[in-house]
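Data first, discussion second: the structure below is written as structure tokens.
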Amino acid sequence: METAIVTGPSLADVRTRLRERKQPSLLTATNLLSDMHFVITCGRILAEMDQAAFSKAAANFGRLLDRNDTDLIRGALLESIYEIAPIDIDYMESLALDNDVYYLIPEPLGYPMGWDEWEELVEDLQDTSDGLAMYVFFTLLRFGEFERLEQAIERWGWNFTVPIIGDSEGFDWERFDRTLQMRGLGCFSLACDVCCYQSGNLYFDFNLYDENAGDWGLPPFNVDGIRALAKEYQQAIEIQSALREADRRFLQEPGLAGQIFEVYLQCLIKKARVKVTSSARTLMDIWAGETTAKEEGNVTNHL
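Numbering (this note's numbering) for the sequence shown: 540 to 842.
So this is what it looks like as structure tokens:
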């Protein structure tokens, strides 16, 4: 799915800032929303993208201002922006640049999980929610954790066994997608992409805690940025609908895990094996031949 091209700090930069900033900024979301520039920007965004929301906000602004009820003003503005494109206002504030230029951080819709959380999740699968079964399945395949996959099979009653899997040189994703589509399991190809942060949509692929989730440029906090993020959100709604259907089927039909795993095995790119024929000569053959020739030569000389 095509993603809007945006400019801004990369996700790698954001992760670096998180590591450097051990404690959150003393500013809060309330401080950010109190900033007049933020309020003006919100007004411009609403005026451009949602006239009904802008008219409502304008009508209420004077009344709320007379009551000195700034919290309601902030809340109303944020709620209106959130309906256009859900954003994580806390991270927007805590990761703001030194010049107070803010960038849009989407509120994740997928599985924004870090390595520590993942390890805690799979440490004892008996305590893991059924709602995470599909995510666990695809993530175990992603990491090649086949011993834990056997534990997951026992936990959720998936009817298949894990064979001995040798080394592979890669994975044929196009074949995987094509085969699942042919078998009427296309929604699970998308589910796998979401679990592996490869859906092509910012709302599902954005993960501050997993460096394997890829890198992104964050949209600026302005009309164009919200417009780009709103486009991502509309695509995300479609993905979310398909993901819910895949989740429902995965839980209700335990045999699906085995079918998907069978396709997975077919798409592993195995290392090529060199077949030794009678005409092939190994180094040992060459050395043995040279030794034999020398010995025969010595015998001839003596004769």
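Beta carbons: idealized from backbone N, C-alpha and C, even for Gly.
Status (buried if at least 16 other CB within 10 Å, exposed otherwise) for residue i
i    : result
Q774 : buried
I704 : exposed
T700 : exposed
H707 : Note on identity: in this sequence residue 707 is Ser, with His being the wrong assignment. That one is exposed.
I765 : buried
L804 : exposed
P702 : exposed
G670 : exposed
Y630 : buried
Residues of its chain near residue i, where Cβ-Cβ distance is below 6 Å and the 5 sequence neighbours each way are ignored
i    : result
D786 : M673
T718 : V802
R714 : C806
L747 : none
Q690 : L664
Where residue i sits in the DSSP three-state scheme
i    : result
E708 : strand
L757 : coil
I703 : coil
I623 : helix
T567 : Here T567 scores only 44 on pLDDT, less than 50, and its place in the model should not be relied on; the value that follows carries that caveat. T567 falls in the coil class under three-state DSSP.
L807 : strand
Y512 : Here the chain has residues from 540 to 842 only, and residue 512 is not among them.
Y674 : helix
E771 : helix
S668 : coil
C735 : coil
W697 : coil
R722 : coil
F745 : coil
G764 : helix
G683 : coil
E792 : coil
D663 : coil
Sub-7 Å separation of residue i and residue j beta-carbons
i    : j    : result
Y742 : E771 : yes
A624 : A781 : no
C806 : D744 : no
W654 : A796 : no
I808 : G709 : yes
F789 : C731 : no
I584 : V762 : yes
E792 : C726 : no
In DSSP terms, what residue i is bridged to
i    : result
P645 : I626
Cut-off 8 Å between Cβ atoms - residues of its own chain near residue i, not counting five sequence neighbours on either side
i    : result
T667 : L660, V661, V675 and R694
P645 : A624, P625, I626, D627, L741, Y742, F745, L768, E771 and Y772
S728 : F715, D716, L719 and Q720
Contacting residues, own chain, Cβ-Cβ under 7 Å from residue i (five flanking each side not counted)
i    : result
V813 : Below a pLDDT of 50, predicted positions are generally treated as unreliable, and V813, at 48, falls in that range; no measurement from the model is reported.
F685 : V701 and I704
L680 : Y803
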